[in-house]
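Taking it in order: structure first as structure tokens, then the write-up.
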Amino acid sequence: MRKLFVLLACVAGATFAAQPAQADPAAQYAACLVEMHPERVRALMQAPSAEAANQPYRSLSDDSRCFTRVFDSKPYRAEDAALSLDMLRGRLAEQALLAEGEQVEALQPLPLQQKRYLRPWFAATGRNPAVDEMGACMADTDPGAIMALIRTAPGSSYESDAIGAMSGSLTRCLSAGTRLDASRQALRAALADALYQRVSNPTLSLAKMPERGL
18 MRKLFVLLAC VAGATFAAQP AQADPAAQYA ACLVEMHPER VRALMQAPSA EAANQPYRSL
78 SDDSRCFTRV FDSKPYRAED AALSLDMLRG RLAEQALLAE GEQVEALQPL PLQQKRYLRP
138 WFAATGRNPA VDEMGACMAD TDPGAIMALI RTAPGSSYES DAIGAMSGSL TRCLSAGTRL
198 DASRQALRAA LADALYQRVS NPTLSLAKMP ERGL
């Protein structure tokens, strides 16, 4: 596999501290979309291909009612109001996971497998497949760490601590020949998306996949 250089912004050995996620503008926008357009949200998150994801993504990324509700009278950053496909998926996944807390908490970690963590939904995310493969591995083997991250406020020191606490699991989930070098926002979105997909279709975590290459 070609080397993937994605940035992992974490501090080795950081201690974990829990903090409820604050309603930043992007999170508020995602929450509005979930409330106003549940069918479109479901169509995006369950799309089997990039083509199938395009229509719900375009609709959800530029919803005038939600935009007015969240951004009309508040200051915001450009990236809060113009979410890419992968980031919007991550934001929507976080909202769904927080709403289904008990179901997510009931997930048991699965043993790390010497197999490729391949999933059909990779084709619709807009991410490098190696990032989604790492996310799927994390969702299987350390779902609690992902939820701990989701419960922190984006950009906070608590978020950094949560990422630092999962660094060992992230390293174990990297495919051979892959290095991580990714932004916290991109990493968080990929992990939330992967955990959402495990909750939505748990049988994929139990399916037999090709063995991991050396």
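To convert, count from 1 in the sequence shown and add 17; that's the numbering used here.
All C-beta atoms in this analysis are idealised placements derived from N, C-alpha and C, irrespective of residue type, glycine included.
| task | Could you please give the first and the last residue of the uninterrupted alpha helix (DSSP H) stretch that includes Thr188? | result | By 1-based counting over the sequence shown, the position of residue 188 is 171. Ser184 to Cys190 is the span of the alpha helix (DSSP H), which, as asked, contains Thr188.
| query | By Cβ distance below 8 angstroms, which residues in the same chain neighbour Ala140 in space, the five residues on each side in sequence not counted? | reply | Position 123 of the sequence shown, counted from the first residue, corresponds to residue 140. So the qualifying residues of the chain are Pro65, Ser66 and Ala67.
| field | Rounded straight-line distance, which links the Cα of Cys154 to that of Val87 | value | For the purposes of this step, residue 87 is taken as the residue at position 70 of the sequence shown. For the purposes of this step, residue 154 is taken as the residue at position 137 of the sequence shown. Distance between the alpha carbons of Val87 and Cys154 is about 34 angstroms.
| field | Span of the alpha helix (DSSP H), counted from its first residue to its last, around Asp149 | value | As a working note, residue 149 is residue 132 in the sequence shown. Boundaries of the alpha helix (DSSP H) harbouring Asp149: Pro146 to Thr158, taken from the DSSP string.
| request: Tell me whether Leu212 is buried or exposed, calling it buried when 16 or more other Cβ atoms sit within 10 Å of its Cβ. | output: Numbered from its first residue, the sequence shown carries residue 212 at position 195. Looking at its Cβ environment, which holds 16 or more other Cβ atoms inside 10 Å, Leu212 is buried.
| task | Drop a sphere of 10 angstroms on the beta-carbon of Arg189, count the other beta-carbons inside from all chains shown, and report buried for 16 or more, exposed for fewer. | result | Translated into positions along the sequence shown, residue 189 becomes position 172. Exposed, since its Cβ has fewer than 16 Cβ neighbours within 10 Å.
| Alpha-carbon to alpha-carbon, Gln125 and Ala207 | For the purposes of this step, residue 207 is taken as residue 190 along the sequence shown, with counting starting at 1. For the purposes of this step, residue 125 is taken as residue 108 along the sequence shown, with counting starting at 1. Cα-Cα distance, rounded: 20 angstroms.
| If you draw a straight line from the C-alpha of Asn218 to the C-alpha of Ser186, how long is it? | Here residue 218 corresponds to residue number 201 of the sequence shown, with the count starting at 1. Here residue 186 corresponds to residue number 169 of the sequence shown, with the count starting at 1. Whole-angstrom Cα-Cα distance: 22 angstroms.
| request: Using the Cα positions of Gly181 and Glu111, report the straight-line distance between them to the nearest angstrom. | output: Numbered from 1 along the sequence shown, position 164 holds the residue referred to as residue 181. Numbered from 1 along the sequence shown, position 94 holds the residue referred to as residue 111. Pairing Gly181 with Glu111, the inter-Cα distance amounts to about 19 angstroms.
| message | Quick check on this structure: which residue in Thr158, Ala162, Pro128 and Tyr134 has the alpha carbon closest to the alpha carbon of Asp149? | response | The residue you call residue 149 lines up with position 132 of the sequence shown. Of Thr158, Ala162, Pro128 and Tyr134, the residue nearest in Cα terms is Tyr134.
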